[in-house]
Amino acid sequence: MAETLSENHIREQAFLYFSRVLSGQCHEMANALNIARELCGLHEDILPRAREGHADAVERLGSLAHRMQTQIDRCHAIVRTLSRFAHSADEVRLPCDVREIIERALFFAARQVRLRQAELQAIVPAGDVQLVECNPFLLQQAIHAGTELLLEGIERSRRITVCLTPDADGEVVTLASADPFVCNDAAAELLAEITATVQAAGCEVRETPECNGRLKFFIPGCRRGATSTDSDLAIPKGTGGGCDVS
Amino acid sequence: MSADRVLLIDDEMEFVEVLAERLRARGLEVEVAYSGMDGVKKSQVTKFDAVVLDFAMPGMDGIDALKALLAGTPELQVILLTGQATIKTAMNATRLGAVEILEKPTDITTLMEKIHEARTRHGVRAAERVRRQMQETR
Numbered sequence: 001m002a003e004t005l006s007e008n009h010i011r012e013q014a015f016l017y018f019s020r021v022l023s024g025q026c027h028e029m030a031n032a033l034n035i036a037r038e039l040c041g042l043h044e045d046i047l048p049r050a051r052e053g054h055a056d057a058v059e060r061l062g063s064l065a066h067r068m069q070t071q072i073d074r075c076h077a078i079v080r081t082l083s084r085f086a087h088s089a090d091e092v093r094l095p096c097d098v099r100e101i102i103e104r105a106l107f108f109a110a111r112q113v114r115l116r117q118a119e120l121q122a123i124v125p126a127g128d129v130q131l132v133e134c135n136p137f138l139l140q141q142a143i144h145a146g147t148e149l150l151l152e153g154i155e156r157s158r159r160i161t162v163c164l165t166p167d168a169d170g171e172v173v174t175l176a177s178a179d180p181f182v183c184n185d186a187a188a189e190l191l192a193e194i195t196a197t198v199q200a201a202g203c204e205v206r207e208t209p210e211c212n213g214r215l216k217f218f219i220p221g222c223r224r225g226a227t228s229t230d231s232d233l234a235i236p237k238g239t240g241g242g243c244d245v246s
Numbered sequence: 001m002s003a004d005r006v007l008l009i010d011d012e013m014e015f016v017e018v019l020a021e022r023l024r025a026r027g028l029e030v031e032v033a034y035s036g037m038d039g040v041k042k043s044q045v046t047k048f049d050a051v052v053l054d055f056a057m058p059g060m061d062g063i064d065a066l067k068a069l070l071a072g073t074p075e076l077q078v079i080l081l082t083g084q085a086t087i088k089t090a091m092n093a094t095r096l097g098a099v100e101i102l103e104k105p106t107d108i109t110t111l112m113e114k115i116h117e118a119r120t121r122h123g124v125r126a127a128e129r130v131r132r133q134m135q136e137t138r
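Line by line, the protein sequences are chains A and B. Residue numbers for the first sequence follow our numbering, beginning at 1 and rising by one. Residue numbers for the second sequence follow our numbering, beginning at 1 and rising by one.
Spelled out as C-alpha cells, the structure:
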C-alpha cells in the first residue's frame with residue numbers, strides 16, 4: 001500500500017501535520033498567555049496592599065513577577081521551536097541534526113500524548129551531534145505519527161520511549177512501548193502512511209510494531225563529529241545507550 | 001446570604017490556582033479540580049452553585065465531564081470556560097446543558113457576573129425540583 005501513495009497524498013499529509021502542529025501549539029501558547037493574564041490580574045489585586053506597605057503583599061509581587069516570567073519563557077520556547085519547524089519545510093534533503101529533529105517532533109507530539117494521559121521519554125546519546133541526510137520536515141512528521149501509532153495500538157502502556165542509536169551507515173530512531181501492540185484497522189492505515197512518509201523523507205522503515213511493539217526508522221548518515229547544538233526542549237531525556245523498554 | 005460556592009475544573013494547575021485566588025479575594029467559596037474525573041467526584045460530595053469547566057483536558061474531557069456532572073445533579077449550573085470556543089463546541093455544550101460558554105481569556109468581572117447569575121438560576125431550578133417532588137408525593 002505504501003508504494004501506491006502518491007506524491008500529492010504525501011503533500012496533503014504534510015500539510016495536515018503542519019496544521020495540527022500549528023493548532024496544538026496555538027493552544028499551548030494560549031494556555032501560557034491565559035495564565036500570564038490571570039497573574040497580571042492577581043498583581044493588580046495585590047498592588048493596593050503593597051502600596052500601603054504590607055510586607056506580605058510586597059513579597060508576593062516579587063513571586064508573581066517570577067511566575068509571569070515562567071509563562072513568558074514557555075511562550076518563547078514554543079515560538080522558537082515553531083520557527084525552526086517552519087524553516088525545516090524549506091529543506092528538501094540536507095545534512096541535518098537528527099537529535100534536533102527528534103526533540104522537535106516530540107515537543108509537538110507531547111500535547112497529544114499528554115491529552116491521552118501517556119508519557120514520552122527521549123533517549124538520545126550525549127556528545128557530538130549525528131548528522132544525517134534526509135528531509136527533516138517529513139522525518140519529524142513520521143516520528144510524530146509513530147507516537148500516534150503506538151498510542152493507537154497499545155492498550156495499557158502509558159509510556160512511549162523514543163531513542164536514537166548509531167548504525168553502521170547512519171542512525172536508527174526507535175519508538176517503543178513495553179506493552180503488546182495490536183494492529184487494528186486504524187493502526188494499519190497509519191502505519192502505511194508512516195512508511196510512505198519515511199520513504200519520502202529519504203529514510204527507511206526497519207521494523208514495524210506488530211511483532212514486538214517497536215517502530216524503527218533508519219536515517220542515512222552524512223558525517224559524524226560536527227558542531228553540537230544545545231537544545232532546550234522540554235522532553236524528558238534518558239541517559240542514552242540502549243533502547244530496552246521491556 | 002452565603003457566598004457563591006464554585007468549583008473550577010481545569011488541568012492547567014497554575015491557571016486554576018490563580019483564578020481561584022482571585023475569586024476568593026472577591027468573596028466566593030472556591031474549590032478546584034485538575035481533571036474532569038476529580039471534578040465530578042467533588043461535585044458528588046459538595047453542593048456547588050456553579051461549576052466553571054475547561055474543555056480540553058487529559059482523560060475525561062470537558063464534554064464528558066459536563067455529561068457526568070449533569071447526570072449526577074441535573075440542575076447544576078455549568079459554565080464552559082475554554083480556549084477552544086468554536087460554534088460547534090458551543091452548540092454541543094449548550095445542547096448538553098451548559099448554561100454559558102465563555103472564551104478564555106475572560107474578564108474576572110464578567111466571570112463573577114456569570115457565576116452569580118448561575119447561582120440565581122440554580123436556586124430557582126432546585127426550588128422547582130422540590131416543588132415537583134412534593135406534587136408527585138401527594
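The beta-carbon is built from N, C-alpha and C at its ideal position, and this holds for glycine as well.
How about E17/B: is its C-beta nearer than 7 Å to some C-beta of chain A? Taking Cβ atoms only, chain A never reaches closer than 7 Å to E17/B, which makes this a no.
Where the beta strand (DSSP E) through G170/A begins and ends: G170 to A176
Quick check on the burial criterion: 16 or more other C-beta atoms within 10 angstroms. Buried or exposed for T70/A? exposed
P166/A - partner residues in DSSP beta bridges: E171/A
Considering only DSSP beta bridges, list what A33/B is partnered with. I9/B
Chain B within 7 Å of A117/A, Cβ atoms only: The sequence given here has Gln at residue 117/A, not Ala. Yes, Q117/A counts as interfacial toward chain B.
Helix, strand or coil: which one does DSSP assign to E133/A? strand
Nearest candidate by alpha-carbon position, reference F217/A, set R74/A, L47/A, C96/A and Q140/A: Residue Q140/A holds the alpha-carbon nearest to the alpha-carbon of F217/A among R74/A, L47/A, C96/A and Q140/A.
Below-7 Å beta-carbon distance, E159/A vs any chain B residue: Per the sequence shown, the amino acid found at residue 159/A is Arg instead of Glu. Chain B contact via Cβ: absent.
Give me, in chain order, the residues of the same chain whose beta-carbon lies closer than 8 Å to that of R104/A; leave out the 5 immediate sequence neighbours on both sides. T81, R84, F85, S88, Q140 and L233
Leaving aside the five residues before and after S246/A along the sequence, list all residues of the same chain whose C-beta is less than 6 Å from its C-beta, in chain order. In this prediction, S246/A scores a pLDDT of 44, lower than 50, which makes its location untrustworthy; no coordinate-derived value is stated.
For P95/A, the three-state DSSP class (helix, strand or coil): Look at P95/A here: in three-state DSSP terms it is strand.
In chain order, which continuous runs of the alpha helix (DSSP H) of length 4 or greater are located wholly inside the stretch 45 to 77 of chain B? 62 to 72
How many angstroms separate the CA atom of G241/A from the CA atom of F137/A? For G241/A, the predicted structure reports a pLDDT of 47, less than 50, and the residue's modelled location is therefore unreliable. The matter cannot be settled from this model.
Near D49/B, what residues of its chain come up, given a Cβ to Cβ distance below 6 Å and the 5 sequence neighbours on each side ignored? D4, R5, R119 and H122
Per DSSP, what are the beta-bridge partners of Q121/A in this structure? T161/A
Three-state class that DSSP yields for T227/A in the structure shown: Bear in mind that a pLDDT of 46 at T227/A, under 50, signals an unreliable position, so the model cannot answer this.
Sequence-distant residues of the same chain with beta carbon closer than 6 Å to E204/A, five excluded per side: F218
Hey, out of L64/A, P220/A, H76/A and R214/A, whose CA is closest to I154/A's CA? R214/A
Could you check if L47/A is buried or exposed, using at least 16 other CB atoms within 10 Å of its CB as the buried criterion? exposed
Whether F15/B touches I35/A by CB criterion (7 Å): A contact, by the Cβ cut-off of 7 Å.
Using a beta-carbon distance cut-off of less than 8 Å, what residues from the stretch 75 to 98 of chain B approach chain A? G83 and Q84
C-beta contact flag for V51/B and V32/B at 7 Å: no
Locate the alpha helix (DSSP H) running through I46/A, then write down its first and last residues. E7 to R51
Can you name the residues of chain B whose CB is closer than 8 Å to the CB of A30/A? Counting only Cβ-Cβ distances below 8 Å, A30/A has contacts in chain B at G83 and K104, in chain order.
State yes or no: is the C-beta of V40/B within less than 7 Å of the C-beta of L69/B? yes
Quick check: I101/B and L80/B, are their CB atoms within less than 7 Å of each other? yes
Straight-line gap, A57/A to A32/A (C-alpha atoms, nearest Å): 24 Å
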